[in-house]
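One line per chain: the protein sequences are V and A, in this order.
Residue numbers in the first sequence follow my numbering, run continuously in steps of one, and reach 401 at the last position.
Residue numbers in the second sequence follow my numbering, run continuously in steps of one, and reach 311 at the last position.
Where is the CB? At the ideal position from N, CA and C, for every residue including glycine.
The block underneath contains the structure these notes are about, expressed in structure tokens.
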Amino acid sequence: MNIINFDHLSANPILPEVQEAMIDVIRNNYGNPSSQHSLGDAAATALEAARDSVSALINCPVSKEIVFTSGGTESVNHAIKGVAFAKADKGKHIITSNIEHNAVIRSLKRLKLFDYNVTSVSVDKYGMVDPAEIEAAIKDDTILISIMHSNNEIGTIQPIKEIGEIAKARKVLFHSDAVDSVGVVPVDVQELGVDLLSFASNPFYGPAGVGGLYIKRGTAIWPMFDGGVQENNKRAGTENMIGIVGMGKAAEFAKRDMEKRIAHSKMLKEKFLRELPDYLDEYIINGHPEKSLPNHISISLKYIEGESVVLMLDEEGIAVSTRSACAAGALRASHVLLSIGHEFADAQGTMVITFGMENTEEDVERFLAVLKETVVSLREISPLYKK
Amino acid sequence: MYSKTVMDHFKKPRNVGTIENADAIGEVGNPLCGDMMTIYLKIEDERITDIKFQTFGCGAAIAVSSMLTEMAKGKTIEEAKKITNKDVAEALEGLPKNKLHCSNLGADALQVAIKDYEDQKAGKPRQERQQAEKHEHAEKDVCYCPYCDSEVGEGEAFCKSCKNALVHL
């Protein structure tokens with residue numbers, strides 16, 4: 015059975031051109047960029063070309079400001095802990111929001127063991143942070159603000175530019191976790207006014223296991239890994255050239271095709287939301303109605319639980335994601351859904367749909383029909399559902 | 143991640159529904175992870191002649207409910223009292239570790255229903271939708287030692303199995 019993937023947030027296929035570029039590295043360009051000979055030179059050239067492509071994608075003025083990492087999680091850990099350690103003598107207070115990814119939350123929890131303290135601002139019912147609340151939280155010893163660009167569970171896009179202005183005026187470093195935004199929607203580090211920005215390659219059809227961290231020139235930051243002088247002394251270790259070249263190629267396509275991709279996702283998203291009432295009742299659409307990712311829909315289906323929805327859809331060859339506690343392994347309801355005011359039971363029935371380039375209108379139609387059957391049969395079993 | 147038997151019971155759950163004028167009802171809910179289950183019993187001559195369930199929960203919770211009803215059907219009350227959550231999990235050819243606590247509440251619901259039946263027999267006033275005592279692990283965070291994979295309790299400073307120091311985030 016052909017699987018219809020509506021879970022692009024978890025995994026994207028790698029573009030054929032990206033695959034070719036990666037295979038070329040394996041076959042023909044296996045050198046180490048640090049070597050002095052021509053094998054090394056060829057690798058170094060490929061490395062810098064990839065850096066240029068990635069840098070162009072986020073309008074980074076100098077490509078040296080990009081550090082390649084093993085993905086979004088490493089980038090976020092590096093940004094937060096690297097700044098925290100480098101600025102420890104200036105202060106130990108960090109500001110964040112209640113709906114960040116675990117990479118941010120758990121990095122900050124780890125820092126609390128070293129006497130850092132954290133203010134986490136709340137969000138409104140759309141999952142939106144209020145920049146004024148961030149400004150009010152700034153203290154004399156605040157060294158960093160970390161707010162995600164878009165939320166992975168509900169798709170809401172935060173007012174990063176406004177927060178960037180506040181951070182600049184108050185001379186506090188500003189990091190944004192933009193893993194689900196970079197390559198998906200326009201992200202311009204200069205316009206946003208961020209000092210650090212984390213991103214990954216897979217959301218824009220590059221390989222998983224490679225990402226980047228934008229570090230504005232002059233930002234005080236410690237490396238996470240100590241060793242050689244790779245990545246401008248910011249990330250030791252021989253570069254993952256296969257992944258980095260793939261990411262660079264994917265970045266070229268993301269920049270070139272972004273408008274087309276956004277238009278395609280938006281068309282599918284609008285179709286789904288427009289036709290959904292013909293198939294289902296008693297659901298909540300989460301996230302901001304306008305300021306959200308064009309490829310992302312989060313729905314809370316009342317009276318049923320998300321993991322059973324995912325399993326049933328999978329039987330029909332449709333892949334979606336859920337953030338119900340049962341599926342997450344964490345055995346707790348999603349902090350994001352609770353933060354936007356959901357009851358436990360509603361949070362449990364939440365399904366995340368993320369569209370991609372290969373999805374068609376027919377896929378959406380089939381999905382709606384199968385979803386209806388799934389929801390009806392699970393509600394049939396549910397003690398919460400009263401007909 | 144689930145066994146074939148779990149998937150079979152999840153996809154084709156047995157004994158779904160309610161029983162009108164049930165002789166006993168047992169309801170358990172776990173507010174922390176959100177699974178909930180209601181069991182309905184028809185009892186004749188101290189034997190479970192019919193059993194139905196309704197469940198709000200993940201694939202494991204639905205499969206557990208279905209298997210439990212199959213195991214209890216036709217049993218005498220005394221036999222049914224001996225069914226444990228562990229028996230249900232074994233009949234399902236195992237459950238993932240993180241599901242053993244939250245989703246494996248079928249036998250609890252059955253025991254609540256049996257208690258409801260016995261209370262009525264003893265002439266005690268029947269409680270409206272009798273609630274089970276909190277599921278044993280509902281209040282606790284379940285996590286595992288990063289060194290030896292044994293279960294460790296919330297806030298424990300050392301792993302009881304391998305004695306390594308633990309840091310809780």
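Interface residues of chain V facing residue i [CB-CB closer than 8 Å]
i: residue 155 of chain A; result: 395
i: residue 158 of chain A; result: 394 and 395
Proximal chain A residues relative to residue i, where beta-carbon distance stays under 7 Å
i: residue 44 of chain V; result: Result: empty, since nearest Cβ-Cβ is about 35 Å, beyond 7 Å.
Distance, residue j Cα to residue i Cα
i: residue 300 of chain A; j: residue 288 of chain A; result: 11 Å
i: residue 232 of chain A; j: residue 204 of chain A; result: 15 Å
i: residue 160 of chain A; j: residue 376 of chain V; result: 38 Å
i: residue 306 of chain A; j: residue 297 of chain A; result: 14 Å
i: residue 277 of chain A; j: residue 92 of chain V; result: For residue 277 of chain A, the predicted structure reports a pLDDT of 43, less than 50, and the residue's modelled location is therefore unreliable. A value from the coordinates is still provided. Their Cα atoms are separated by approximately 40 Å.
i: residue 274 of chain A; j: residue 338 of chain V; result: A caution first: residue 274 of chain A carries a pLDDT of 45, below 50, which makes its placement in the model unreliable, though a value can still be read off. Answer to the nearest angstrom: the Cα atoms are 23 Å apart.
i: residue 152 of chain A; j: residue 351 of chain V; result: 26 Å
i: residue 301 of chain V; j: residue 265 of chain A; result: 52 Å
i: residue 272 of chain A; j: residue 357 of chain V; result: Caution applies to residue 272 of chain A, whose pLDDT of 47 falls short of 50 and renders its modelled position unreliable; the value that the coordinates give is listed next. Each residue's Cα considered, the two are about 23 Å apart.
i: residue 308 of chain A; j: residue 104 of chain V; result: 30 Å
i: residue 112 of chain V; j: residue 184 of chain A; result: 48 Å
i: residue 260 of chain A; j: residue 181 of chain A; result: 15 Å
i: residue 378 of chain V; j: residue 288 of chain V; result: 11 Å
i: residue 85 of chain V; j: residue 226 of chain V; result: 7 Å
i: residue 362 of chain V; j: residue 319 of chain V; result: 5 Å
i: residue 126 of chain V; j: residue 278 of chain V; result: 43 Å
i: residue 37 of chain V; j: residue 99 of chain V; result: 39 Å
i: residue 197 of chain A; j: residue 368 of chain V; result: 28 Å
i: residue 272 of chain V; j: residue 69 of chain V; result: 15 Å
i: residue 22 of chain V; j: residue 372 of chain V; result: 10 Å
i: residue 26 of chain V; j: residue 90 of chain V; result: 21 Å
i: residue 147 of chain V; j: residue 170 of chain V; result: 18 Å
i: residue 209 of chain A; j: residue 383 of chain V; result: 29 Å
i: residue 267 of chain A; j: residue 258 of chain A; result: 10 Å
i: residue 96 of chain V; j: residue 153 of chain V; result: 20 Å
i: residue 101 of chain V; j: residue 237 of chain V; result: 13 Å
i: residue 325 of chain V; j: residue 395 of chain V; result: 15 Å
i: residue 279 of chain A; j: residue 229 of chain V; result: For residue 279 of chain A, the pLDDT reaches just 43, beneath the cut-off of 50, and the residue's location in the model is therefore unreliable, leaving the point undetermined.
i: residue 335 of chain V; j: residue 392 of chain V; result: 17 Å
i: residue 19 of chain V; j: residue 332 of chain V; result: 6 Å
i: residue 317 of chain V; j: residue 359 of chain V; result: 7 Å
Under 7 Å by beta carbon: chain V residues contacting residue i
i: residue 309 of chain A; result: 127
i: residue 204 of chain A; result: 322 and 395
heavy atom of the ligand GTP below 7 Å from residue i C-beta
i: residue 171 of chain A; result: The model on display carries no ligand, and the ligand GTP is accordingly not part of it.
Per-residue contacts from residue i into chain A (C-beta, under 9 Å)
i: residue 398 of chain V; result: 178, 196 and 198
i: residue 329 of chain V; result: 149 and 153
Chain-ordered chain V contacts of residue i [CB-CB under 9 Å]
i: residue 152 of chain A; result: 322, 325 and 326
i: residue 181 of chain A; result: The premise fails here: residue 181 of chain A is roughly 10 Å from chain V at the closest Cβ pair, so nothing lies under 9 Å.
Residue i: contacting residues in chain A (beta-carbon distance under 8 Å)
i: residue 318 of chain V; result: 198
Whether residue i touches residue j by CB criterion (8 Å)
i: residue 311 of chain V; j: residue 274 of chain V; result: no
i: residue 72 of chain V; j: residue 196 of chain V; result: yes
i: residue 161 of chain V; j: residue 190 of chain V; result: yes
i: residue 12 of chain V; j: residue 122 of chain V; result: Not covered by the structure: residue 12 of chain V. The range shown for chain V is 15 to 401.
i: residue 195 of chain A; j: residue 157 of chain A; result: yes
i: residue 201 of chain A; j: residue 144 of chain A; result: yes
i: residue 256 of chain V; j: residue 80 of chain V; result: no
i: residue 192 of chain V; j: residue 201 of chain V; result: yes
i: residue 348 of chain V; j: residue 136 of chain V; result: no
i: residue 148 of chain A; j: residue 237 of chain A; result: yes
i: residue 166 of chain A; j: residue 222 of chain A; result: no
i: residue 373 of chain A; j: residue 248 of chain A; result: Nothing can be reported for residue 373 of chain A, as the shown portion of chain A is limited to 143 through 311.
i: residue 109 of chain V; j: residue 151 of chain V; result: yes
i: residue 128 of chain V; j: residue 258 of chain V; result: no
Contact between the stretch 261–269 of chain V and the stretch 27–39 of chain V is defined here as three or more beta-carbon pairs at a separation below 8 Å; is this criterion met? yes
Could you tell me whether the stretch 291–306 of chain V touches the stretch 217–234 of chain V, where touching means 3 or more Cβ pairs closer than 8 Å?
no
*If we count Cβ pairs, one from each stretch, closer than 8 Å, do we get three or more for the stretch 168–182 of chain V versus the stretch 201–213 of chain V?*
yes
ask   = Are the stretch 53–68 of chain V and the stretch 114–128 of chain V in contact at 8 Å, needing three or more beta carbon pairs?
value = no
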